[in-house]
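Asker: So the sequence shown is numbered by the working numbering: it starts at 18 and just counts up by one.
Glycine is no exception: its CB is placed at the ideal position from the N, C-alpha and C atoms.
Can you keep this structure in mind? I'll have questions shortly.
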Amino acid sequence: MLQNIENTLHQKSIKPTAMRLLVLDFLLKQQAAVSLNDLEAAFHRADRITLYRTLKTFEEKGLVHSIADGTGSVKYALCEEGCACAPEDLHVHFHCNICNETYCLPKSRIPEIALPENFKTEEISLIMKGTCASCS
Ligand SMILES: [Zn+2]
Ligand SMILES: [Zn+2]
Ligand SMILES: [Zn+2]
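If you want it as structure tokens, here you go:
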């Protein structure tokens, strides 16, 4: 298992430090996206800056993507295999108003949206809000 995690980091050209291995292992076990606060709660012996930098490195290397779900804290979730974090790779996110969790919906791609002439997209985010399966 740890070997797999190390390979995943290698594939994304991320040097496998002990902290990165632990954070990736944690992310692999999550059903929902996690915030920096969630990570801090799970790794109370690690300092916030180190955890933040770990997430940022993962994001820069395309291992995770960030999600602004409207709750005010950015959440992070693992990218799917082959994701380049380009607009065409993006999927819809679902925020549950009851448990406050945010889920990736990788099977629900963001549809192509027509733009007026000379408008250029740099980011797209589509958040659906409602009640998740475990809360309904
Ligand atoms: Zn991605
Ligand atoms: Zn829920
Ligand atoms: Zn996602």
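1) Which residues mark the beginning and the end of the beta strand (DSSP E) in which Phe60 is found?
2) Put Thr119 into one of helix, strand or coil per three-state DSSP.
3) So, helix, strand or coil for Leu53, using DSSP?
4) I'd like the ranges of any alpha helix (DSSP H) spanning at least 4 consecutive residues and lying wholly in the stretch 25 to 52.
5) Give every residue of the same chain whose Cβ lies closer than 7 Å to the Cβ of Ile141, excluding the five residues on either side of it in the sequence, and list them in chain order.
6) Taking the beta strand (DSSP E) that Lys92 falls in, what are its first and last residues?
7) Closer than 7 Å to a non-hydrogen atom of ligand 1 - does that hold for the CB of His82?
8) Going by Cα to Cα distance, which pick from Lys146, Lys73, Glu134 and Thr74 is closest to Val109?
9) Can you tell me whether DSSP reads Ile22 as helix, strand or coil?
10) So, for Asn114: in the same chain, excluding its five sequence neighbours on each side, which residues have a beta-carbon less than 7 Å away from its beta-carbon?
11) On the criterion of 16 or more Cβ atoms from any shown chain inside 10 Å, does Asp42 qualify as buried, or is it exposed?
12) For Gly147, which beta-bridge partners are listed by DSSP?
13) Start and end of the beta strand (DSSP E) containing Ser142?
14) Cα separation between Ala101 and Glu76?
Answerer: By the coordinates alone:
1) Premise fails: Phe60 is in no beta strand (DSSP E) and is neither H nor E.
2) Strand at Thr119.
3) helix
4) 35 to 45
5) Pro104, Leu107 and Ile127, listed in sequence order.
6) Lys92 to Leu95
7) yes
8) The shortest Cα separation from Val109 among Lys146, Lys73, Glu134 and Thr74 belongs to Lys146.
9) Helix.
10) Lys146, Gly147 and Thr148
11) exposed
12) Cys113
13) Careful: Ser142 lies outside any beta strand (DSSP E) and carries neither H nor E.
14) 11 Å
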